[in-house]
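For the protein sequence lines, the chains are A and B, in the order given.
When you read off a place in the first sequence, starting at 1, and then add 30, the result is the number in this note's numbering.
When you read off a place in the second sequence, starting at 1, and then add 240, the result is the number in this note's numbering.
Positions of the beta carbon are idealized from the N, C-alpha and C atoms, including for glycine.
Below is one structure, written out as structure tokens; comments come after it.
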Amino acid sequence: MAMHNSKDMIKQGGIWVFILAELVFFSIAGHYWSVSNQAFMDPGNMLLLLKQSAPIGIIALGMTIIMINGNIDLSVGAIFALSAVVLLDSLSWPFMVALGDWALPLAWGFALLTGVTLGAINGLIVWKTGIDAFIVTLASMLGFRGLVFMYNGEQPTSNLNWTLVDFAEAQVLGLHTASWFLIGTVVVLWFVTTRTNHGRNAYAIGNNREAAVNAGIRVGPHFMWNFMLIGFLAALSAVVFYSESGSVNPNDGMLYELWAITAVVLGGTKLAGGYGSIIGTLGGVIAIQLLRKGLGHIGADTQTVNLVIGLILIAVLFLDRQLTRKGKEELKI
Amino acid sequence: MNDLQPVLRLEGIVKTFPGVRALDGVSFDLRPGEVHALMGENGAGKSTLMKVLGGVLAPNAGQIYVAEKPVSMTNPQAAKALGVVFIHQELSLAGELSVAENIFLGELPLKSFGRVDWKKLYADTDKILKTLNVSFNARTRVGDLSIANQQMVEIGRALTVDPRAVIFDEPTASLTDAEKVVLFEVIADLQTRGVGIIYISHRMEEIFKITDRISVLRDGQYRGTLNTAETDEDKVTQLMIGRSLDLSRNVSHHEMGDIALEVRGLSCGHLFEDVSFNVRKGEVLGFYGLVGAGRTEIAETIFGLRTPSAGQILLNGQEVQINSPIEAIRLGIALVPEDRKDQGLVLGMNCKDNMTLPQIGRLTKGPFVSDRAELAIFDKYRDKLDIRTPGWRQSVGNLSGGNQQKIVIGKWLSMHPEVLIVDEPTRGIDVGSKSEIHNLIRDLAAQGFAVIVISSEMPEVLHVSDRIVAMFAGRVMREFTSEDVTEDNLIQAISGLTGDKAA
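Structure follows, in structure tokens:
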């Protein structure tokens with residue numbers, strides 16, 4: 031048993047070791063190649079990093095429980111965009127304008143409701159038709175994105191509200207609002223996955239669906255809850271981000287689903303389901319953001335960043351496979 | 241045929257894993273034209289030995305000889321090239337491809353520019369199929385074949401080389417009796433061609449029917465070889481477990497209660513028709529029949545996994561409708577399924593989580609699952625069922641089959657069911673743990689549970705049941721009490737040979 035646990039520790043802890051390596055590397059490399067004079071490990075820089083991780087981070091945390099459950103959600107980027115449109119557009123509705131600042135929580139509510147509803151649509155289809163979540167959300171990704179374009183054409187939807195901006199830019203204990211939302215999501219989902227009935231059943235279903243059914247677990251409703259949860263989180267992510275920026279392009283949030291999945295997988299969650307952790311995903315999110323920032327720090331351009339992230343993803347998963355495979359006989363390919 | 245020169249000989253094979261000596265100097269030889277049984281409990285080292293032989297694992301010490309020439313099996317291809325081929329228990333066939341493509345998988349005959357020589361492929365395949373005497377042809381899609389025929393394809397694959405030794409690993413696990421006969425004919429045919437056969441099985445009847453010699457492994461050590469004709473089941477069992485096993489008839493000495501579950505005229509399409517039986521509190525009702533006789537399907541229907549097309553289910557005299565496992569569980573019906581690993585356990589989870597799986601919804605404190613409540617249940621049933629595990633954190637995948645089965649049983653007992661259905665209670669469980677599971681089932685009945693045991697092993701049904709329902713082709717042929725049952729009339733009933741149907 032000791033061996034089993036230590037292996038788990040290595041696997042779960044691996045991402046944090048990787049983050050540490052990144053920090054050391056960029057601090058040293060930055061010393062020689064930095065385009066600015068600022069130190070990389072500057073506290074202000076690190077706090078900013080957390081804030082920048084938030085939009086994809088919050089979605090990735092939701093994706094973790096979806097993937098533990100044995101599903102996947104490709105529509106999160108589109109849900110993100112549509113929720114943002116609802117948030118900003120609703121602020122210009124006549125009755126909302128009349129409400130003054132009281133319209134703000136209501137607009138948040140509309141946006142979050144949009145996310146939950148879209149998630150519920152995904153969940154309901156997966157539950158009732160039995161079609162694979164990959165296909166269902168691939169279709170809804172296209173469909174939801176279509177709705178975004180139908181709303182305002184190619185035009186951006188804008189509405190800069192200074193009260194919202196102030197809220198989004200506020201700092202408590204040095205952390206920005208977005209960072210607090212990220213941390214809050216981590217805490218809540220950590221409890222949900224490790225300590226609740228729903229979380230435990232999600233693991234069981236992802237690991238062995240048939241055994242879960244035989245144990246009297248209702249698989250469909252759990253799917254449904256998780257899709258609603260990730261819909262909510264995609265909307266939450268949008269709400270936090272667009273409160274500050276005040277303008278959404280119809281193409282915003284594209285590829286977010288893939289970045290989220292990348293972070294989840296980097297964090298050690300299995301694509302096949304049944305295994306993974308929220309803390310690991312947080313590590314994955316931070317690792318990616320650190321890599322982007324670090325490479326920027328030493329003067330690499332965006333294309334290089336993407337190439338490096340791609341390479342590292344393969345390297346990390348290969349390493350993980352080697353660790354997992356140790357002592358087991360696996361099919362040689 | 242030279243009887244003196246073995247086709248295959250192993251000498252002093254040692255294989256160690258960290259902390260375990262899986263094989264400890266195993267020696268053993270296989271003569272041409274003989275069927276040599278390899279027996280041992282789970283964990284005795286059979287699979288490790290076969291992996292060494294098949295080139296999947298490299299031994300730490302020892303030597304393998306093929307036709308008395310020392311060889312080293314570095315990979316499965318090397319083993320096959322030397323004429324040592326395996327028929328694995330789990331079939332590894334590509335269901336969407338044809339029989340021919342499967343038989344020559346990876347070695348399709350080619351023409352120039354890498355084009356497949358279909359003509360030759362089908363002709364070669366037909367030649368092989370002819371020796372196997374099967375009803376399908378080279379172009380049949382493998383996915384459309386029965387399990388038995390798929391196994392024939394697997395055997396066909398072995399015949400693409402000129403095999404010296406063929407190793408069968410539990411080949412009859414999912415075959416019907418009729419299909420077994422066909423398999424044994426193929427084995428006999430291989431024998432006459434001078435091929436040596438290693439036959440791995442837990443089933444004594446088969447071993448005594450078709451093998452010439454029996455070698456036994458225990459705890460990674462070679463325990464001896466017996467001539468089948470000169471030994472009996474007791475001796476083999478003793479060699480395997482170091483003591484003899486009690487499989488005598490069991491009759492309840494305790495009082496039985498009221499009827500807990502009654503089924504009247506239950507049907508489910510063509511799977512089973514007009515099935516009626518009842519089971520009392522404190523009674524073990526055995527279901528015996530061939531694979532495909534509809535026994536598992538009846539259990540699944542009672543458990544709400546299938547919808548009956550006709551008939552009634554009564555629980556404590558009240559008619560009930562059961563549409564899902566959740567409803568069955570709520571009514572106090574529990575099912576220990578046939579396939580532990582696929583249907584009963586979440587292998588990636590630990591022992592405690594598996595044990596409390598159906599009821600964690602109840603073990604909560606506020607929104608959170610209460611560790612303390614869970615551990616209380618786990619500890620109670622670990623002690624009660626004598627589950628041997630280093631701790632609750634242990635992943636169930638690492639437990640032995642017997643302990644895994646106890647986890648599944650414990651899972652249901654902790655829900656306090658009234659009716660416990662156990663489908664193939666000891667499938668894939670080693671001989672020593674078998675009797676523990678049997679005793680456990682008897683104990684449960686003595687405590688007042690109504691237990692239904694479905695089994696394909698006659699000694700098992702005879703041993704644990706108070707009454708036995710014999711099934712054939714989806715129908716109840718006859719119901720036996722422990723007084724009127726004999727092996728002969730039981731076999732007749734499940735083969736559909738008996739005229740006197742149960743009333």
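Out of G303/A, W220/A and F125/A, the CA that lies nearest to the CA of L312/A is found in W220/A. Annotation: Cβ neighbours of G584/B in chain A (cutoff 8 angstroms, chain order): A241 and N244.
If you check the CB distance, V519/B and G273/B do not come in under 9 angstroms. Contact holds between the segment 252-268 of chain A and the segment 139-147 of chain A, because three or more Cβ pairs, one in each stretch, are under 8 angstroms apart. In the three-state reduction of the DSSP assignment, G236/A falls in the helix class, which pools H, G and I. For a cut-off of 8 angstroms, the C-beta gap from I45/A to G297/A is around 6 angstroms, short enough to register as a contact. Shown here, N152/A sits in a helix according to DSSP, grouped into three states. In the structure shown, the three-state DSSP call for E567/B is helix. Of all residues in the segment 590-619 of chain B, only D593, L597, P598, I600, G601, T604, P607, F608 and V609 place a beta-carbon less than 7 angstroms from a beta-carbon of chain A. Per DSSP, H276/B is one residue of the beta strand (DSSP E) stretching across V275 to M279. Per DSSP, M93/A lies in no beta strand (DSSP E); the unbroken alpha helix (DSSP H) holding it starts and ends at P73 to I98.
Taking C-alpha positions only, V306/B is separated from I327/B by approximately 19 angstroms.
Between the alpha carbons of T223/A and D459/B lies a gap of roughly 41 angstroms. Identification of residues in the segment 565-576 of chain B having a C-beta nearer than 7 angstroms to some C-beta of chain A yields P565, I566, I569 and L575, given in sequence order.
By the rule that beta-carbons nearer than 9 angstroms mark a contact, G460/B does not touch chain A. A direct Cα-Cα distance of roughly 26 angstroms separates L194/A from F174/A. Non-local C-beta neighbours of G688/B in its own chain, meaning closer than 7 angstroms and more than five positions away in sequence, comprise G497, K521 and G522, ordered along the chain. Taking a C-beta cut-off of 7 angstroms against chain B, the contacting residues of the segment 300-327 of chain A are G304 and Y305, listed in chain order. Under the three-state reduction of DSSP output, D402/B falls in the coil class, being neither helix nor strand.
Residue pairing by DSSP places V503/B opposite F517/B and I553/B in a beta bridge.
With a 10 Å radius around the Cβ and a threshold of 16 neighbouring Cβ atoms, W157/A comes out buried. Look at I343/B here: in three-state DSSP terms it is helix. A Cβ of chain B is located within less than 9 angstroms of the beta carbon of F221/A.
By the Cβ-count criterion, M279/B is buried, with 16 or more other Cβ atoms from all chains shown falling within 10 Å of its own Cβ.
As a beta-bridge residue in DSSP terms, Y528/B pairs with S695/B and A710/B. The beta carbon of K320/B does not come within 9 angstroms of any beta carbon belonging to chain A, so the residue lies off that interface. Think of a sphere of 9 angstroms around the beta carbon of R248/A: the chain B residues whose beta carbon falls inside it are S564 and I566, in chain order. The alpha-carbon of Q333/A is positioned some 21 angstroms away from that of G87/A. The DSSP-derived three-state label of I447/B is helix. Residue state for M717/B is assigned as strand, using DSSP reduced to three classes.
The straight-line gap separating the alpha-carbon atoms of H61/A and V54/A is approximately 11 angstroms. For K367/B, the enclosing alpha helix (DSSP H) begins and ends at W358 to L372. Under the three-state reduction of DSSP output, K605/B falls in the strand class. A direct Cα-Cα distance of roughly 15 angstroms separates I677/B from L575/B. Flagged as an interface residue toward chain B: R230/A, by a C-beta distance shorter than 9 angstroms.
Spanning the alpha carbons of A710/B and V725/B requires a straight line of approximately 10 angstroms.
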